[in-house]
Amino acid sequence: IPMAAVSWEWDVPAAVAEIRWARDHGFRGIVLPNFDPQRPLYHPDFEPIWNVLDELGMVVNSHSGLSSTSTRPISTPAVPHPACSIRLYVPEMMFYVHSILDHLIWGGVLERHPGLKVVLTEQGSGWVVGALQEMDYAYEGSYFRTDYRHVIAHKPSEYFRRQVFLGSSIFSKAEVEARHKIGLDKMMLGMDFPHHEGTLLETTQEYLRATVGSAGVPLDEARMLLGGNAAAVFGIDLAALAPIAQQVGIAPRDILTPPEVDRFPRGDVHKPVLVG
1 IPMAAVSWEW
11 DVPAAVAEIR
21 WARDHGFRGI
31 VLPNFDPQRP
41 LYHPDFEPIW
51 NVLDELGMVV
61 NSHSGLSSTS
71 TRPISTPAVP
81 HPACSIRLYV
91 PEMMFYVHSI
101 LDHLIWGGVL
111 ERHPGLKVVL
121 TEQGSGWVVG
131 ALQEMDYAYE
141 GSYFRTDYRH
151 VIAHKPSEYF
161 RRQVFLGSSI
171 FSKAEVEARH
181 KIGLDKMMLG
191 MDFPHHEGTL
201 LETTQEYLRA
211 TVGSAGVPLD
221 EARMLLGGNA
231 AAVFGIDLAA
241 LAPIAQQVGI
251 APRDILTPPE
261 VDRFPRGDVH
271 KPVLVG
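The sequence shown runs 1 to 276 under my numbering.
Here it is as structure tokens:
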């Protein structure tokens, strides 16, 4: 599914024109860029871009490492060992990409554009449960000011249910087991190909057995996680793809059973997830 990488910062009319060009040439959405904290994604300057995305039904994607609420470079100077660098880099990167959801909700973008669809990709799935609980409590029970109901008319979790989806790349067994808390209709399989932490080292079939199969997911729910949700979000004609799936698709019996041998002793398959 082609996604357009469009620069917002320098020329908003040009960005609008490029989004229209992308839609006319088969692109289904865009990838959000990094935003200057002094000109965040909810800044009035960017309203023409949100308008055209809403008008054309272009899916708005955020992706870890590509999308951020900050233009600040992440660096890890003076680490005691080179291997420590990634452990410092990843949490900071995730903070900035996760905060995009806060900006979309509290910045009023989802309120002003109820037709927008947003996908949060390669940034985990389980975190949204606690994040939404905290945001909902802030909306209703915080000691801080709450006289924003004319601007943010709904609880944050309601915006999420209405407009936000998860590119769960790559989801762990624990995330699959928590699918009903996270949102069965929200999670979409991502393979993270060709990264080494994705499915490249083993087969897609083995990865799905280790996650979907090990979690005991029934067929109807597996179809949602592995393609049905994505088809609904991006407007994919599954009937048109059925002949291809018959030729190259993996049979349900080959992925909905637990593996006999653990082929993923390291990596995301066994990564724990904290949900509220």
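The beta-carbon is built from N, C-alpha and C at its ideal position, and this holds for glycine as well.
On a CA-only basis, which of the options is nearest residue i? Give me that one, please.
| i | options | result |
| --- | --- | --- |
| ASP192 | TYR148, GLY108 and GLY124 | GLY124 |
| ILE100 | PRO258, VAL31, VAL248 and PHE171 | VAL31 |
| ASP45 | HIS63, HIS25, ALA14 and LEU56 | ALA14 |
| VAL151 | PHE160, PHE35, ILE105 and LEU116 | ILE105 |
| VAL59 | LEU184, PRO91 and VAL118 | VAL118 |
| ILE255 | VAL217, GLY228 and ALA245 | VAL217 |
| ARG223 | VAL233, PRO252, GLN246 and SER214 | PRO252 |
With burial defined as no fewer than 16 other Cβ atoms inside 10 Å of the residue's Cβ, what is the status of residue i: buried or exposed?
| i | result |
| --- | --- |
| ASP268 | buried |
| THR146 | exposed |
| ILE1 | exposed |
| HIS180 | exposed |
| PRO306 | Because the chain is modelled from 1 through 276, residue 306 falls outside the range shown and cannot be assessed. |
| GLU301 | With the chain covering only 1 through 276, there is no way to say anything about residue 301. |
| TRP21 | exposed |
For residue i, collect the residues of the same chain with a Cβ closer than 7 Å to its Cβ; drop the 5 residues on either side in sequence, then sort them by chain order.
| i | result |
| --- | --- |
| HIS103 | PRO40, LEU41, TYR42 and THR69 |
| GLY65 | MET93 |
| VAL16 | PRO48, ILE49 and VAL52 |
| GLU206 | PRO259 and ARG263 |
| GLY280 | In this structure the chain extends from 1 to 276, so residue 280 is not present and cannot be described. |
Below 6 Å CB to CB, which residues in the same chain sit around residue i once its five sequence neighbours on both sides are set aside?
| i | result |
| --- | --- |
| ALA210 | PRO259, PHE264 and VAL269 |
Classify residue i as helix, strand or coil using the three-state DSSP reduction.
| i | result |
| --- | --- |
| ILE86 | helix |
| MET224 | helix |
| HIS63 | strand |
| PHE27 | coil |
| LEU189 | strand |
| LEU166 | strand |
| MET3 | strand |
| SER99 | helix |
In chain order, what residues of the same chain lie with their CB nearer than 8 Å to the CB of residue i, ignoring the 5 residues before and after it?
| i | result |
| --- | --- |
| HIS113 | TRP50, ASN51, LEU53 and ASP54 |
Exercise for the section: Taking only runs that begin and end inside the stretch 111-154, name each unbroken beta strand (DSSP E) of 3 or more residues, in chain order. Expected result: 118-121
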